[in-house]
Structures are given as structure tokens and as C-alpha cells.
């Protein structure tokens, strides 16, 4: 799948926290921290792991594809091994029956669901690489917010006595730098990606925990979108390391149409 370059989509922009944001780092390890701190970089600044953003993106895309067609060949259930597009038992049979790696890869690609073809599976790497989203310096003033919470008794549906805790959030208005690349994706796969990204642009998705408390609403703004396609573009980018490709903004609508066409088959 990646043995030969065919295309690369490069995206960059910003992700703004429209409401307070919480991506947990587990329990506090020092007594002066809140019970539930957020993840921070080595300088104590908040960041959003690329895997967190990509996980939300993938889940949304899965829900869209599954709504159109619940068959696992379109979007498998990654949380249920029996509903994977290729189960462990099936991959074992393929390996036993396939003489070489290239043939095995081809057979796997034939069986992968639409979502796994783009975002990867236990058997194939993802075509989408999302970098960690680090804070934009001019929007960060070094201040976190601490909020109080109380555990709920599931039986009585009331607060549990003596189970108060505090948790840390990143204030609304903080902006993070977004950057992603997509290698060797087909047109319909790029369309599927943009369907997911558009939900972030329209403030329809949340990142991190506490969504039921109003946390995690974000807005994506794509400032740069470039597309390298084919040998000529690749050679041009090698000759000029600053050449990112052709602007992809006008290609987006066509890619989405290709995805919708694929989905309706």
C-alpha cells in the first residue's frame, strides 16, 4: 500500500476550544494538583494527542458510513472482534494460504471495510497521520481552571456521600495547532476524510472527556490544504523542498461526491 508514492494531502490549521477542554492524564501524582489533571507537555502546557483527535474523527466517520449501510464491509465494529472486517481467524487462514507478502497485502485490502482502508486496522497501517496538537503560544496564558465534581451512585442516581473530587480543564479560547498528512489515498477516501473534518469545522464534535457537562466543543479551521499527485508533482517537491503541492480547496467537493457515490453502491 505504501511501497510506491502516488499522492499526499497535507493539511494544517488551528483547533480552538469553544468551551473548556479536558483530556485527562489519569490521577494526580502530587498533592498540590487537582485529583484529575489534564495532559501536558514537558513545559506544563496543554496539548491534544494526535491519537485523540484522530479517534474522534474516525468514530464520527464510522457512524456516518454505518448509518448508510450497517454491513461490516462498509464500517466494521472495532470494539467487537467478531465484527471486524477481517477477524484474527480469517487473517490466519489468509497467511496460511498466501505465498508472499505482496499477495497477502492485496488480499487484505480487498477485504477491509471502507473505514479501515483509510484509518488502518490491526493488519494494515493508517493512511492518515495526525500530529499532536500543541498550544498556540499567543493564546495560552499559563492558567488552568479547577472544577468540582461528585460521584453519582448508579443505584440511587444521587450523589455519593464523601465522593467529591476536583478536575482540571483548559479554558475556552485556547487554540491548538493542527497538522495532518494523508498518503496514497483514493479520491473517495479523501472525500470520507473531509466529511469527518467538516463536522469539526461546523462545531459538531467534542474532544476529550466531560461532553455531557458541556466540555470539549472545538472548532477546526483549515488554513492550508495542498495535494501532491503523481510522479511529476513528486519530482517537483524533491527539487524544491518548499513546494507543498497544488491547492486542494477546490478538489474537496469532488472528493466528497466520490465518497457519496462509493457509499451508495
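In the numbering used here, the protein residues as written are 973 to 1237. Backbone N, C-alpha and C define an ideal beta-carbon position, used for all residues, glycine too. Bear in mind the structure is a predicted one, so any value in this text is a computation, not a measurement.
Review point. Going by alpha carbons, who is nearest to residue 1037 out of 1013, 1160, 1150, 1010?
Key: Residue 1037 sits at position 65 when you count from the first residue of the chain shown. The option with the nearest alpha carbon to residue 1037 is 1160.
Exercise for review: Give the single residue among 1233, 1079, 1190, 1018 whose Cα lies nearest to the Cα of residue 1179.
Suggested key: Working through the chain shown from its first residue, we reach residue 1179 at position 207. If you compare the alpha carbons of 1233, 1079, 1190, 1018 with that of residue 1179, the shortest gap goes to 1190.
Review point. Does the stretch 1054-1068 come close enough to the stretch 1102-1111 to have 3 or more Cβ pairs within less than 8 Å?
Key: Using a C-beta cut-off of 8 Å, the stretch 1054-1068 makes no contact with the stretch 1102-1111, since fewer than three inter-stretch Cβ pairs fall below that distance.
Exercise for review: Quick one: measure Cβ to Cβ for residue 1115 and residue 1143, integer angstroms, because I've assumed they're closer than 8 Å.
Suggested key: Within the chain shown, the letter at position 143 stands for residue 1115. Within the chain shown, the letter at position 171 stands for residue 1143. With a contact defined as Cβ atoms closer than 8 Å, residue 1115 and residue 1143 qualify at about 7 Å.
Exercise for review: Would you kindly check if the distance between the Cβ of residue 1100 and the Cβ of residue 1166 is under 8 Å?
Suggested key: What you label residue 1166 is simply residue 194 of the chain shown in a count that begins at 1. What you label residue 1100 is simply residue 128 of the chain shown in a count that begins at 1. Contact flag unset, no.
**Study point:** 7 Å Cβ shell around residue 990 - same chain, five flanking residues per side excluded
**Key:** The residue labelled residue 990 in the question sits at position 18 within the chain shown. Within the same chain, residue 990 has close Cβ partners 1144, 1175, 1189, 1190, 1191.
Check your understanding: Bridge partners of residue 1108, per DSSP?
Key -> For the purposes of this step, residue 1108 is identified with residue 136 of the chain shown, where counting begins at 1. Residue 1108 is not bridged to any residue.
**Study point:** Distance between residue 1139 and residue 1233 (C-alpha atoms, nearest Å)
**Key:** For the purposes of this step, residue 1233 is taken as residue 261 along the chain shown, with counting starting at 1. For the purposes of this step, residue 1139 is taken as residue 167 along the chain shown, with counting starting at 1. Rounded to the nearest angstrom, the two C-alpha atoms are 45 Å apart.
Point to revise | For residue 1075, three-class secondary structure by DSSP | key: Here residue 1075 refers to the residue found at position 103 of the chain shown. Residue 1075: helix per DSSP, three-state reduction.
Check your understanding: Does the distance from the C-beta atom of residue 1104 to that of residue 1020 stay below 8 Å?
Key -> Residue mapping note: residue 1104 aligns to position 132 of the chain shown, counting from 1. Residue mapping note: residue 1020 aligns to position 48 of the chain shown, counting from 1. Taking 8 Å as the Cβ cut-off, residue 1104 and residue 1020 qualify as a contacting pair.
Check your understanding: First and last residue of the beta strand (DSSP E) that includes residue 1154?
Key -> As a working mapping, residue 1154 is identified with position 182 in the chain shown. Its beta strand (DSSP E) spans residues 1147-1155.
Point to revise | Pairwise C-alpha distance: residue 1029 and residue 1041 | key: Within the chain shown, the letter at position 69 stands for residue 1041. Within the chain shown, the letter at position 57 stands for residue 1029. Roughly 19 Å separates the two Cα atoms.
Point to revise | Nearest-angstrom Cα separation, counted from residue 1035 out to residue 1022 | key: Counting from 1 along the chain shown, the entry for residue 1022 is found at position 50. Counting from 1 along the chain shown, the entry for residue 1035 is found at position 63. When rounded, the distance between both Cα atoms is 20 Å.
Review point. Since residue 1020 sits in a beta bridge, which residues does DSSP pair it with?
Key: Taking the chain shown and counting its residues from 1, one reaches residue 1020 at position 48. For residue 1020, which the question treats as bridged, DSSP gives the partners 1105.
Exercise for review: Please name the residue or residues paired with residue 979 in a DSSP beta bridge.
Suggested key: For this step, residue 979 is matched to residue 7 along the chain shown. Beta-bridge pairing by DSSP links residue 979 to 1201.
Check your understanding: What are the boundary residues of the alpha helix (DSSP H) that includes residue 1182?
Key -> Here residue 1182 is taken as the residue at index 210 of the chain shown, counted from 1. No alpha helix (DSSP H) contains residue 1182, which DSSP labels as neither H nor E.
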